[in-house]
Structure formats: C-alpha cells, structure tokens
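Numbering (our numbering), first residue to last: 456 to 515.
Written out below as structure tokens is the structure these notes cover.
Next comes the structure, spelled out in structure tokens:
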C-alpha cells in the first residue's frame, strides 16, 4: 500500500494526492463518527456532562 501511494504521489503530485487521499479519508472518518454518535444517542436521551473532563485531559 505504501509503495502504491508513494508511486501515485510521484506520478500525480503531492497536492493532488493530499486532496484525494487525506481530505477524503478525513471526511469519511467524520461521517462515520457522526453516524455512530447518532446511533448511540437518541433525541430523548440526555448526554452526560462531566465537569472535570475535557478532550485535552483525555489525551494526557
């Protein structure tokens, strides 16, 4: 896979490969996150709120 991606990058150029691979891959991951969120949280269910928790602290 790495050989194919590097060959296509050399053939088409790095900017084109960035647009085709990284941007589309990140859009797919965001779509998958949204669909998963909507499957697990209905409109009648309230989300829990944790006062001390933050996204930054999660990665520490």
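Even glycine gets a Cβ: it sits at the ideal position worked out from N, Cα and C.
Predicted, not measured: the structure shown is a model, and the values here were computed from it.
Inter-residue CB distance, residue i and residue j (contact presumed, cutoff 8 Å)
i, j, result
"residue 476", "residue 487", "Contact doesn't hold; Cβ gap of about 16 Å is too wide."
"residue 472", "residue 463", "6 Å"
Residues near residue i in its chain [Cβ-Cβ closer than 7 Å; skip 5 each side]
i, result
"residue 493", "none"
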